[in-house]
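Residue numbers (the working numbering), protein chains in the order written: chain A, 1 to 418; chain B, 1001 to 1418; chain C, 2001 to 2418; chain D, 3001 to 3418. Think of the CB as a built atom: it goes at the ideal place given N, C-alpha and C, for glycine as much as any other residue. Small disclaimer: the values here were computed from a predicted structure and weren't measured. Reading through the structure tokens given below for one structure.
4 protein chains.
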Amino acid sequence: MLGPTGGSAARALWLVGEQLPMQSRRIPGAARSNGAPATKNLFPTRPALWLNAGRKPMSKTKVLLLGSGFAAEIHAECYRRFVPEAELVGVYSRSADRAVAFAQKHQIPRHFTDLERAIGESGAEVTDVCLPNFLHHQAVLLAARAGQHVIVEKPLCLTLEQADEMIEVCRAHGRKLMYAEELCFAPKYERVRALAQEGALGQLYMLKQAEKHSGPHSDWFYDVEQSGGGVLMDMGCHGLAWCRWMLGGRPRALTVQAHLQRGLIHGHRTRGEENSVVLVEFEGGCVGVVENSWAKLGGMEDRIEVYGTGGVSYADLFQGNAALTYSEQGYGYALEKASSTRGWTFTIFEEAFNQGYPHELSHFIQCVRHDLQPVVTGEDGRAVLELIYAAYRSAATGQKVSLPFQATVAKPIDLWQA
Amino acid sequence: MLGPTGGSAARALWLVGEQLPMQSRRIPGAARSNGAPATKNLFPTRPALWLNAGRKPMSKTKVLLLGSGFAAEIHAECYRRFVPEAELVGVYSRSADRAVAFAQKHQIPRHFTDLERAIGESGAEVTDVCLPNFLHHQAVLLAARAGQHVIVEKPLCLTLEQADEMIEVCRAHGRKLMYAEELCFAPKYERVRALAQEGALGQLYMLKQAEKHSGPHSDWFYDVEQSGGGVLMDMGCHGLAWCRWMLGGRPRALTVQAHLQRGLIHGHRTRGEENSVVLVEFEGGCVGVVENSWAKLGGMEDRIEVYGTGGVSYADLFQGNAALTYSEQGYGYALEKASSTRGWTFTIFEEAFNQGYPHELSHFIQCVRHDLQPVVTGEDGRAVLELIYAAYRSAATGQKVSLPFQATVAKPIDLWQA
Amino acid sequence: MLGPTGGSAARALWLVGEQLPMQSRRIPGAARSNGAPATKNLFPTRPALWLNAGRKPMSKTKVLLLGSGFAAEIHAECYRRFVPEAELVGVYSRSADRAVAFAQKHQIPRHFTDLERAIGESGAEVTDVCLPNFLHHQAVLLAARAGQHVIVEKPLCLTLEQADEMIEVCRAHGRKLMYAEELCFAPKYERVRALAQEGALGQLYMLKQAEKHSGPHSDWFYDVEQSGGGVLMDMGCHGLAWCRWMLGGRPRALTVQAHLQRGLIHGHRTRGEENSVVLVEFEGGCVGVVENSWAKLGGMEDRIEVYGTGGVSYADLFQGNAALTYSEQGYGYALEKASSTRGWTFTIFEEAFNQGYPHELSHFIQCVRHDLQPVVTGEDGRAVLELIYAAYRSAATGQKVSLPFQATVAKPIDLWQA
Amino acid sequence: MLGPTGGSAARALWLVGEQLPMQSRRIPGAARSNGAPATKNLFPTRPALWLNAGRKPMSKTKVLLLGSGFAAEIHAECYRRFVPEAELVGVYSRSADRAVAFAQKHQIPRHFTDLERAIGESGAEVTDVCLPNFLHHQAVLLAARAGQHVIVEKPLCLTLEQADEMIEVCRAHGRKLMYAEELCFAPKYERVRALAQEGALGQLYMLKQAEKHSGPHSDWFYDVEQSGGGVLMDMGCHGLAWCRWMLGGRPRALTVQAHLQRGLIHGHRTRGEENSVVLVEFEGGCVGVVENSWAKLGGMEDRIEVYGTGGVSYADLFQGNAALTYSEQGYGYALEKASSTRGWTFTIFEEAFNQGYPHELSHFIQCVRHDLQPVVTGEDGRAVLELIYAAYRSAATGQKVSLPFQATVAKPIDLWQA
């Protein structure tokens, strides 16, 4: 019944398959049953997730959460349900009301409205930065200088100079700078990556990723002074990071082309681009196509397509996972950014899990506890930011931009609008 | 952008939404924004999953695992990754080799080939029974008499008399008898159940569930002396339990009709039925339609359809979650029971999670630690077994069978084959 | 089977593949390339559709259309677009206004409100009966006695006695009685039937068909005196006919089991059943499962599942063909019975074609022009009606009903309600 | 919009909806029921398809078919089944054997291997050119000069100079030059276009079209001297034409950006590009994204995505229409370019119809018979060719290319490879 390479033993690993390094799943040197040679391993490996969970009583890693918005909510819940080795010891918000409410809701012992005090007094070993983009730089520097490892939500920061400084300060203080790109952990995408790593798709020649919705929850995103740009800063960073990850984590990007549009549905409140298409050529010939939108109605969309000379794989994190519901009267919640729940809707479940947040945060906490190298770091965040710079420049000039690319600007979107 | 009942706060709960009791998600007494009255809550609530995870150092609940097969693998991995409050202290297998290998693989300190010694010496507070069906009865009695709470994989046992005794012994010893029906925890199905609970689908009038594949991994399933029957015992129990759960957990079943087929693709090795269709009428008029097959090629299928006077919802746990892959050379593993990975395949991810095993085991361990009432118990397992009895009888006689139904047989399938 | 870029010869036939008899597509006696023996041809063949279309100027076959409702609209448009050999020479409606309007819209030269005059004076060679069920019997008798071939929409009539008389009168007058079951022509379903005929699915053991929507357009359907019953009469006839067609056209049905529900969403206006599940056992062991509903919101659904010992095939005529649209403001029309076009909708196209109406009517006109045997006839309509009788009886008694089944009633639903 | 059981009048039109001009479907001046203003009609209308089919005996329009390959097969079958007003009076092939076989198979009275004789002697009113790209120019000139209207398969020809001459000669002789872009007729895509025309999607800001498979059937495609280029010439022309059609037929294109790849799976036999991504900016701000591949395994793919400020619509012509089949032994044919029929496959039906060939050819024959303006003409083919020129140039230079664009080359791909 089961095929030559299948079967129950393999399943047992995959069932709970937290993307163990591929080599541990393959008998070394074994050719595939159909005679195909084992593919050269171009892919990064990483420490197994949930490495020691469930073994014995343990001390907990103390985490300070900066921020009380959308991302902070997700992180808090994921720590609680999926990362028992971590403990939230404090939360910081610029608003006192929100700080109190958040602490209460998530049973966090301390709350702060002063960033320096939060970092100085919380007693945390790890600071998790879920603040607006323009505050990442300062927060990371403060935390690292206070001796804390740092998890920082995407995008890394506003400028390449900030990125360099963040990386340097963390390095100098021997602290880890962990870049929270959840698509490198989303379990469905990771299954596709594993296939590619096995050689199931032959040589990859095109990678596509799209993330689209109808615009962010929070006002600051629409202010390019705070966000650094529009949808490319907000969501383009995901696809660009994922393409790099698919190609081994540190592939050399050669060129960038981009097309941006603004004034679609949010023109009254933002100068940021609302729709973007970016093409990146990587060394070896693979092209990445990254599409993003803040003007796509009907709810969140996150999809990949992976093209190789031996096959293709498609994955869809939202509609491709959802229950399909028709309701005359509607219901509480369907999926992120869905504006209505009447008529036909795509009902998503375990959204945070399916996007890889638990896998990501568990990995980062393991890295801290066992002094391991995180699979996505500040360097990756910087490389993504460089691609974003190049994309803005390309959109401005209509020319393909070669990497490495450097420019001195206050924020990425200035390369397009200046 | 976000609709009247949607939005970021609601999402935060759902994102990590471990099916909190509905009332905690709704402002009490609040009418829906469209004026629809709040639906009467016909649904059971249950203790929140992962109730205290992540708070502070904790002692672990000691678990003895009986069995080393397919289900045992899944349980072991789920405890490790998702139930940090639990600790596997021993494993029992009828085969010494398997016992050793399993213990080693899962880093379990002790292994046994003697059931009584396993129960007597492991020091466990909870025994988790993943043995062939015919061994459930004895194992549960031994464990309960030894003062252990019991988790027992489906189906509960072979006969109603066994079921009654298991329930009674556990009751007498004050031990919990927890019936491991993971469909009551599968997060996609639970989202649909939550919709129904909200009233999104109006009054339910038909529930459908199908679980189909090409036949079990283990030989004992095909021996009706060990399994008690064919696909109806193996997988029919899932759909029957799920229909009851959707209708509030303890609905009164009125009648059963069934159609069974054997000799399809496994006729050479089993007298058990390979394909079944069962209809159950419940008090209030809702009908359950449960389809199962051991003769369905192409990989595992698990689907529901929920029909109400106000809407409908469809969910598919496997193809409906999978990445879609085309591979010329194939790859390691696509999904449970898929016999090939070449050509087009449905690539599943996080299978155990998406089927609800972590949610189930976490719930059971919470029930033990906090002395809570499990949402699925031995009584539920017995009620499902009664429906299976009635289905075999109906298939034998061509008549609708009324509930309650009692018969004295050595195993359920005797009602059809005798 | 076919090489990477191959298959162009095979495709050319399929591309425009009007379901030529299978034998013409296979090299006689040739084993499949994988050594599998050619399957025994259990399937009916039929005259190729569109046999001579496009060859030379031709006289047209004169058709009288009885009815001006939903079905009549579809037929009229299909004749116009897809059956150039036919010409509508008259239309009959019980309402003068509707008769006039219909004739005008479809440019039909004559219109009638008197049935006998329509049949007597239109000069038609073929009468196409798209009247309410209770009028089928009389119309067919009149037309056959007037020397006209007859196409009759499903279901054939209200009683077995009527059916017998209709068949006998047509036989006696040498007229064809053509039963308009479009599912025997729906091109997607016919592709699946062709696969099965090729042996691609092994031996068939279960056939499922579901047709569901939120209730008929016309009032007379809800009056069981005019319709003979509820959804089983209206739509159950489709699935039952299709199961027979899949099994060779004239398989022997052994038993019927059924479960019916009423009072779901149309209880205020009909005594007819609104939801039905029917199981039919056929000689050879295959079981048909036919599901129908008038209480399923969200638009028309028509699906099949074909299970065999060598494979499975699923097809969906509506959602499975549609474009997927999200519209804030809505639009004119999405699909049959869809109540709203805002939010997410499934946008169907070429509905009549995809349901097989052109293929059906073209076939019937060819049969008339070339004196061929239609693939679905009055005998098939009668056999379906017998299954419906048996289903009502089974629903009433809770017992499996054996075929052949005979009862004397004024209308089928009396067997359930009497 | 429509009531729960409503919509029968609207449906009658759509059911057989051959894309009648939108204005005929809307009550003039009527606002939508939700108060939204009627959208300005930016879209072209066209003569209804199948205008007079089925009315009365008719003379037939004589058609000469040039070519006997893949496209010629499709055209021949479509004329036979769906265009009764047309009659194939001759076929030309460069190979005598193929000419004879084709004529015999399709019952065409005359066959030719000399192009001039075919055009001169066949007595046709219309010549339908299904020859390799490099022969289009000569064939069109000959036919037009012989007084015949011309249907020409895509792409129009190899150079802009040829295009200009073809247009001029047809104009000078008062002959129609009909450009056979079937995507302007594919019924599923046309439904989406109709939605957009109604305003259902708001203002369009991005159009995506992808057509991909594993490479052409015929050898000449791989020889850029005969084809003029790779996948961009072969399939890119479809998406580019469709974007223009969606934007009203004659939108002004402002710029083109492109990325091309070769040497993927056909590097041993072609210098043509095997994968392409092209971005076109149109006046008004809408961007078209056209993706094509000859290196995509697993069968034909043809998809669109239409993004507007009021909604989105997705349509898929192949997987999105297919039955889903699992077969252990395989079967005759699944879909175009599918290399295997074992395991899971997408089983397509009525491929030619679903791609719009019958609608296209019927429209062209109507245009000839009633002297109407075709909706896609030589001018459209030229505009597409200009975009292809610009795309090759952009791929060569890495720069956005502005339209209008002119260059003197022997074939389009020279702009990239020179």
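Chain-order list of residues whose beta-carbon lies under 6 Å from that of residue 2053 of chain C (same chain, five-residue window excluded):
Stepping through the third sequence from its first residue, residue 2053 of chain C is reached at position 53. For residue 2053 of chain C, the predicted structure reports a pLDDT of 46, less than 50, and the residue's modelled location is therefore unreliable. The matter cannot be settled from this model.
Could you name the residues of chain C that residue 297 of chain A contacts, counting a contact when the two beta carbons are closer than 7 Å?
One-based indexing of the first sequence puts residue 297 of chain A at position 297. Per Cβ cutoff of 7 Å: 2326, 2328.
When you check each C-beta in the segment 1257 to 1269 of chain B against every C-beta of chain C, which residues fall closer than 7 Å?
From the segment 1257 to 1269 of chain B, only 1257, 1259, 1261, 1264, 1265 have a Cβ closer than 7 Å to chain C.
Is the beta carbon of residue 102 of chain A closer than 7 Å to that of residue 68 of chain A?
The sequence position of residue 68 of chain A within the first sequence is 68, counting from 1. The sequence position of residue 102 of chain A within the first sequence is 102, counting from 1. When the beta-carbon positions are compared, residue 68 of chain A and residue 102 of chain A come within less than 7 Å of each other.
Would you mind working out which of D/3074, D/3406, D/3218 sits nearest residue 3269 of chain D, comparing C-alpha positions?
Along the fourth sequence, one-based indexing puts residue 3269 of chain D at 269. Taking only the C-alpha atoms, the option nearest residue 3269 of chain D is D/3218.
Please report the straight-line C-alpha distance between residue 2303 of chain C and residue 2258 of chain C, rounded to a whole angstrom.
As a position in the third sequence, residue 2303 of chain C is number 303, starting the count at 1. As a position in the third sequence, residue 2258 of chain C is number 258, starting the count at 1. Taking the straight line joining both Cα atoms gives about 19 Å.
Locate the beta strand (DSSP E) running through residue 3305 of chain D, then write down its first and last residues.
Translated into positions along the fourth sequence, residue 3305 of chain D becomes position 305. For residue 3305 of chain D, the enclosing beta strand (DSSP E) stretches over residues 3301 to 3308.
Nearest chain D C-beta to residue 204 of chain A closer than 7 Å, yes or no?
In the first sequence, residue 204 of chain A corresponds to position 204, counting from 1. The Cβ of residue 204 of chain A sits no closer than 7 Å to any Cβ of chain D.
Would you please verify whether the beta carbon of residue 1312 of chain B is less than 7 Å from any beta carbon of chain A?
Indexing the second sequence from 1 puts residue 1312 of chain B at position 312. Contact of residue 1312 of chain B with chain A is assigned, a C-beta pair being separated by under 7 Å.
Under 8 Å: do the segment 1063 to 1077 of chain B and the segment 1339 to 1359 of chain B share three or more Cβ pairs, one atom per stretch?
Touching, yes, given that three or more Cβ pairs across the two stretches are closer than 8 Å.
Could you tell me the distance, in whole angstroms, from the CA atom of residue 341 of chain A to the CA atom of residue 1196 of chain B?
Mapped onto the first sequence, residue 341 of chain A falls at position 341. Mapped onto the second sequence, residue 1196 of chain B falls at position 196. When rounded, the separation of the alpha-carbon atoms in residue 341 of chain A and residue 1196 of chain B is 13 Å.
What are the residues of the segment 3276 to 3290 of chain D that lie near chain A, defined by any Cβ-Cβ distance shorter than 8 Å?
Sequence-ordered contacts of the segment 3276 to 3290 of chain D with chain A read 3277, 3279, 3281, 3285, 3287, 3289 [C-beta pairs closer than 8 Å].
Under three-state DSSP, which class holds residue 2173 of chain C?
Numbered from 1 along the third sequence, position 173 holds the residue referred to as residue 2173 of chain C. Residue 2173 of chain C falls in the coil class under three-state DSSP.
Can you give the Cα-Cα distance for residue 216 of chain A and residue 238 of chain A, rounded to whole angstroms?
Your numbering for residue 216 of chain A matches position 216 in the first sequence. Your numbering for residue 238 of chain A matches position 238 in the first sequence. Roughly 15 Å separates the two Cα atoms.
Shorter than 7 Å from the beta carbon of residue 1337 of chain B to some beta carbon of chain C?
For the purposes of this step, residue 1337 of chain B is taken as residue 337 along the second sequence, with counting starting at 1. Not an interface residue.
Chain D residues whose Cβ lies nearer than 8 Å to that of residue 398 of chain A:
The residue labelled residue 398 of chain A in the question sits at position 398 within the first sequence. What residue 398 of chain A touches in chain D: 3255, 3257, 3399, 3400.
Consider the Cβ of residue 2343 of chain C: report whether some Cβ of chain A lies at a distance smaller than 7 Å.
Taking the first residue of the third sequence as 1, we reach residue 2343 of chain C at position 343. At least one chain A Cβ lies under 7 Å of residue 2343 of chain C.
Could you name the residues of the same chain whose beta carbon sits closer than 8 Å to that of residue 3329 of chain D, not counting the 5 residues immediately before and after it, in chain order?
Against the fourth sequence, residue 3329 of chain D aligns to sequence position 329. Within its own chain, the residues whose Cβ lies closer than 8 Å to the Cβ of residue 3329 of chain D, once the five positions on either side in sequence are excluded, are 3342, listed in chain order.
Nearest chain B C-beta to residue 115 of chain A closer than 7 Å, yes or no?
Taking the first sequence and counting its residues from 1, the one referred to as residue 115 of chain A is at position 115. Cβ-Cβ to chain B under 7 Å: no for residue 115 of chain A.
Please confirm if the segment 2171 to 2182 of chain C is in contact with the segment 2260 to 2267 of chain C, defined as three or more CB-CB distances below 8 Å between the two stretches.
Contact between the segment 2171 to 2182 of chain C and the segment 2260 to 2267 of chain C is absent, because fewer than three Cβ pairs lie under 8 Å.
Within 7 Å of any Cβ in chain B, is that where the Cβ of residue 3095 of chain D sits?
In the fourth sequence, counting from the first residue as 1, residue 3095 of chain D sits at position 95. Not closer than 7 Å to any Cβ of chain B, the Cβ of residue 3095 of chain D fails to qualify, so no.
Give me the residue from A/206, A/381, A/187 with the minimum Cα distance to residue 1352 of chain B.
Here residue 1352 of chain B corresponds to residue number 352 of the second sequence, with the count starting at 1. Checking every option, the nearest Cα to that of residue 1352 of chain B belongs to A/187.
Along the chain, which unbroken stretches of the beta strand (DSSP E) at least 3 residues long are found entirely within the segment 229 to 261 of chain A?
Complete beta strand (DSSP E) runs here, min 3: 253 to 261.
Are residue 1203 of chain B and residue 1309 of chain B touching if we call contact CB-CB under 7 Å?
For the purposes of this step, residue 1203 of chain B is taken as residue 203 along the second sequence, with counting starting at 1. For the purposes of this step, residue 1309 of chain B is taken as residue 309 along the second sequence, with counting starting at 1. Contact flag set, yes.
Residues of chain A with a CB under 7 Å from the CB of residue 1191 of chain B: which are they?
Taking the first residue of the second sequence as position 1, residue 1191 of chain B is located at position 191. Per Cβ cutoff of 7 Å: 323, 347, 349.
Listed by chain order, chain A residues near residue 3307 of chain D by CB distance under 8 Å:
Locating residue 3307 of chain D in the fourth sequence gives position 307, where the first residue counts as 1. Listed along chain A, the residues sitting closer than 8 Å to residue 3307 of chain D by beta-carbon distance are 275, 293, 295, 296.
Per-residue contacts from residue 2340 of chain C into chain A (C-beta, under 7 Å):
As a working note, residue 2340 of chain C is residue 340 in the third sequence. Those are 343, listed as they occur along chain A.
Comparing C-alpha positions only, which one of C/2387, C/2139, C/2414, C/2208 sits nearest to residue 2316 of chain C?
Here residue 2316 of chain C refers to the residue found at position 316 when the third sequence is read from its first residue. A check of alpha carbon separations from residue 2316 of chain C across C/2387, C/2139, C/2414, C/2208 identifies C/2208 as the nearest.
CA-CA distance, residue 1346 of chain B and residue 2139 of chain C?
Taking the first residue of the second sequence as position 1, residue 1346 of chain B is located at position 346. Taking the first residue of the third sequence as position 1, residue 2139 of chain C is located at position 139. Roughly 52 Å separates the two Cα atoms.
Proximity to residue 2306 of chain C [Cα-Cα], best of C/2280, C/2116, C/2192
The count along the third sequence starts at 1 and reaches residue 2306 of chain C at position 306. Looking at the Cα atoms, C/2192 is the closest of the given residues.
Measuring straight from C-alpha to C-alpha, what distance separates residue 1041 of chain B and residue 1206 of chain B?
By one-based count along the second sequence, residue 1041 of chain B stands at place 41. By one-based count along the second sequence, residue 1206 of chain B stands at place 206. Interpretation of residue 1041 of chain B is limited by its pLDDT of 33, a score under 50 that renders its predicted location unreliable; the figure taken from the coordinates is listed afterwards. When rounded, the separation of the alpha-carbon atoms in residue 1041 of chain B and residue 1206 of chain B is 18 Å.
CA-CA distance, residue 368 of chain A and residue 64 of chain A?
Numbered from 1 along the first sequence, position 368 holds the residue referred to as residue 368 of chain A. Numbered from 1 along the first sequence, position 64 holds the residue referred to as residue 64 of chain A. Linking residue 368 of chain A to residue 64 of chain A through their CA atoms gives a straight-line distance of about 14 Å.
Is the Cβ-Cβ distance between residue 211 of chain A and residue 235 of chain A less than 7 Å?
Along the first sequence, read from residue 1 onward, the residue named residue 211 of chain A stands at position 211. Along the first sequence, read from residue 1 onward, the residue named residue 235 of chain A stands at position 235. In this structure, residue 235 of chain A lies closer than 7 Å to residue 211 of chain A by Cβ.
Could you name the residues of the same chain whose beta carbon sits closer than 7 Å to that of residue 2167 of chain C, not counting the 5 residues immediately before and after it, in chain order?
Within the third sequence, the letter at position 167 stands for residue 2167 of chain C. Closer than 7 Å at Cβ, skipping near neighbours: 2177, 2378, 2379, 2382.
Within a Cβ cutoff of 6 Å, which residues of the same chain sit near residue 3163 of chain D, ignoring the five residues on either side of it in sequence?
Counting from 1 along the fourth sequence, the entry for residue 3163 of chain D is found at position 163. Beyond the five residues adjoining it in sequence on each side, residue 3163 of chain D comes within less than 6 Å, by CB distance, of 3156, 3157, 3382, 3385 in the same chain, given in chain order.
Near residue 3123 of chain D, which residues of its chain fall below 7 Å by C-beta distance, leaving aside the five closest residues on each side in sequence?
Taking the first residue of the fourth sequence as position 1, residue 3123 of chain D is located at position 123. Closer than 7 Å at the Cβ level, and outside the excluded window around residue 3123 of chain D, lie 3062, 3089.
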